[in-house]
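Residue numbers (our numbering): 165 to 434.
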Ligand SMILES: *[C@@H]1O[C@H](CO)[C@@H](O)[C@H](O)[C@H]1NC(C)=O
Ligand SMILES: *[C@@H]1O[C@H](CO)[C@@H](O)[C@H](O)[C@H]1NC(C)=O
Ligand SMILES: *[C@@H]1O[C@H](CO)[C@@H](O)[C@H](O)[C@H]1NC(C)=O
Ligand SMILES: *[C@@H]1O[C@H](CO)[C@@H](O)[C@H](O)[C@H]1NC(C)=O
Ligand SMILES: *[C@@H]1O[C@H](CO)[C@@H](O)[C@H](O)[C@H]1NC(C)=O
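Here you go:
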């Protein structure tokens, strides 16, 4: 018993330690969270940190839909010239006035500049403890003035009765609900699911980015549940889509209800 208690204390210590580290990482590097701009504008992202003056190196990364994350520029207070590698200095610029802050600017914005931009800081790379700390990202939206800001319409499609019906082991049977959000502009959305009004993340797969369909965007998300969840009476499944319109966040959702006995009936006639 004493041992168990001892182990419990150790586990608690360890967990709370991890939790604190996690919080520290999130709080140490601050960057502009959202930038909402028109085509042709310049976008300047601010970044600052509280890691101390030894962290005088700042990196700027970007991740645009369909591409990997790329390092655009490395800045340091030690050198006035910033290293843009192959990137165009007419398109990107940066400032590094002191150890604890910096800015990054994307000029003459085009739709292709839309995406996530990350600020990261580190100590001099020769030191042993040179961990790199990331900010939580800036979501840059580039608006086409010709397009109207429109929130999504949300539709949940029920699982197909044919899905997995041939599987012998009932426990293995899964059902997939499909949520489609469409006709929105711009693509500042996120999706989450609830089963019986409780958030679920297990079994959820959402497209990594919204896609352009003519003039508006669409995005899909799937929720896979055990067949018996889909057939248990009274269970409801909701897809929530949050949309930012430049001023406020709008939430759209749709709920579907479990179809009682449907799946069993189908499997019996197979
Ligand atoms: C640090 O950055 C955050 C987010 O951009 C900003 O709100 C804050 O005012 C900045 N702090 C300083 C000291 O510049
Ligand atoms: C963007 O920045 C460049 C360089 O500083 C400047 O010449 C240009 O006028 C700016 N564009 C806008 C729309 O502010
Ligand atoms: C879904 O189920 C939860 C829990 O049973 C209930 O509180 C909620 O009202 C239901 N939602 C709908 C739309 O019926
Ligand atoms: C469910 O998840 C969403 C998105 O992550 C979050 O904003 C919301 O607060 C969560 N709701 C509950 C009841 O946990
Ligand atoms: C956001 O607020 C500004 C200023 O109040 C307003 O001009 C603009 O139309 C608003 N945009 C939307 C999409 O509501």
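Cβ coordinates follow ideal geometry from the N, Cα and C atoms, glycine included. This structure is a prediction, so every number in the text was calculated from the model and none was measured.
Rounded separation between residue 369 and residue 385 - CA only: As a position in the chain shown, residue 369 is number 205, starting the count at 1. As a position in the chain shown, residue 385 is number 221, starting the count at 1. Roughly 6 Å separates the two Cα atoms.
Relative to the alpha-carbon of residue 271, which residue among 254, 282, 261, 351 has its alpha-carbon at the smallest distance? Taking the first residue of the chain shown as position 1, residue 271 is located at position 107. Of the candidates 254, 282, 261, 351, the one whose C-alpha sits nearest the C-alpha of residue 271 is 254.
Output needed for residue 196: all residues of its chain with C-beta closer than 7 Å, excluding positions within five of it in sequence on either side, in chain order. Mapped onto the chain shown, residue 196 falls at position 32. If we look at residue 196 and ignore the five residues flanking it on each side, its Cβ neighbours are 209, 210, 302.
Within the same chain, show all residues whose beta-carbon is closer than 6 Å to that of residue 358, passing over the 5 residues directly before and after it, in chain order. The count along the chain shown starts at 1 and reaches residue 358 at position 194. Around residue 358: 402.
Given that a residue counts as buried once 16 or more other Cβ atoms are within 10 Å of its Cβ, and exposed if not, what is residue 350? The residue labelled residue 350 in the question sits at position 186 within the chain shown. Residue 350 comes out buried.
Starting from residue 391, trace the alpha helix (DSSP H) both ways and give me its first and last residue. Reading the chain shown from its first residue, position 227 is the one you call residue 391. Where residue 391 is concerned, the enclosing alpha helix (DSSP H) stretches over 391-394.
Between the Cα of residue 235 and the Cα atoms of 206, 207, 281, which residue gives the shortest distance? Numbered from 1 along the chain shown, position 71 holds the residue referred to as residue 235. Comparing Cα positions, the closest option is 281.
Cβ pair residue 252, residue 207 closer than 9 Å: As a first step, residue 252 must be located in the chain shown, where it is residue number 88. As a first step, residue 207 must be located in the chain shown, where it is residue number 43. Cβ distance not < 9 Å, so residue 252 and residue 207 don't count as in contact.
Below 8 Å, is the gap between the Cβ of residue 269 and the nearest heavy atom of ligand 2? Position 105 of the chain shown, counting from 1, holds the residue named residue 269. Yes, ligand 2 has a heavy atom inside 8 Å of this Cβ.
Report yes if the CB atom of residue 367 is closer than 9 Å to the CB atom of residue 344, and no otherwise. Within the chain shown, numbered from 1, the residue matching residue 367 stands at position 203. Within the chain shown, numbered from 1, the residue matching residue 344 stands at position 180. No; because the gap between Cβ atoms is not below 9 Å, this pair is not in contact.
Alpha carbons only, please: which of 203, 226, 286, 227 is nearest the one belonging to residue 212? Residue numbering aside, residue 212 sits at position 48 when the chain shown is read from its first letter. Out of 203, 226, 286, 227, 286 has the C-alpha closest to the C-alpha of residue 212.
Span separating the alpha-carbon of residue 419 from that of residue 320: Here residue 419 refers to the residue found at position 255 when the chain shown is read from its first residue. Here residue 320 refers to the residue found at position 156 when the chain shown is read from its first residue. Those two C-alpha atoms are separated by around 7 Å.
Closer than 9 Å, CB to CB, is residue 352 near chain D or not? Absent from the structure: chain D. Only one protein chain is present.
Could you tell me which residues DSSP pairs with residue 342 in its beta bridges? Position 178 of the chain shown holds residue 342. According to DSSP, residue 342 bridges with 321, 386.
Is residue 232 near ligand 5 - that is, is its Cβ less than 8 Å away from at least one heavy atom of it? Within the chain shown, numbered from 1, the residue matching residue 232 stands at position 68. Flag unset: Cβ of residue 232 not near ligand 5.
With 16 other Cβ atoms within 10 Å as the buried cut-off, status of residue 288: Indexing the chain shown from 1 puts residue 288 at position 124. Exposed.
Environment of residue 421 [buried if 16+ CB atoms lie within 10 Å]: Reading the chain shown from its first residue, position 257 is the one you call residue 421. Exposed, because fewer than 16 other Cβ atoms sit within 10 Å of the Cβ of residue 421.
With a CB to CB cut of under 6 Å and the five nearest residues on each side skipped, what residues in its chain are close to residue 186? By one-based count along the chain shown, residue 186 stands at place 22. Low local confidence applies: a pLDDT of 42 at residue 186 is under 50, so the model's placement there is unreliable, with the coordinate-based value given in what follows. So no residue of the chain qualifies.
Can you give me the Cβ contacts of residue 406 inside the same chain, cut-off strictly under 6 Å, excluding the 5 residues immediately before and after it? For this step, residue 406 is matched to residue 242 along the chain shown. 354, 413, 415, listed in sequence order.
Give me, in chain order, the residues of the same chain whose beta-carbon lies closer than 8 Å to that of residue 296; leave out the 5 immediate sequence neighbours on both sides. The residue you call residue 296 lines up with position 132 of the chain shown. Here the set comprises 223, 284, 285, 286.
Assigned exposure category for residue 397 - 16 Cβ within 10 Å defines buried: Your numbering for residue 397 matches position 233 in the chain shown. Exposed: under 16 other Cβ atoms inside 10 Å.
Hey, how far is the Cα of residue 383 from the Cα of residue 394? Within the chain shown, residue 383 is the residue found at index 219, counting from 1. Within the chain shown, residue 394 is the residue found at index 230, counting from 1. Near 23 Å, if we compare the C-alpha coordinates of residue 394 and residue 383.
Could you spell out where the beta strand (DSSP E) holding residue 210 opens and where it closes? Taking the first residue of the chain shown as 1, we reach residue 210 at position 46. Residues 207-213.
Ligand 7 and residue 198: does the residue's C-beta get closer than 8 Å to at least one heavy atom of that ligand? Of the ligands this structure carries, namely ligand 1, ligand 2, ligand 3, ligand 4 and ligand 5, none is ligand 7.
According to DSSP, is residue 308 helix, strand or coil? Numbered from 1 along the chain shown, position 144 holds the residue referred to as residue 308. If DSSP states are grouped into helix, strand and coil, residue 308 belongs with coil.
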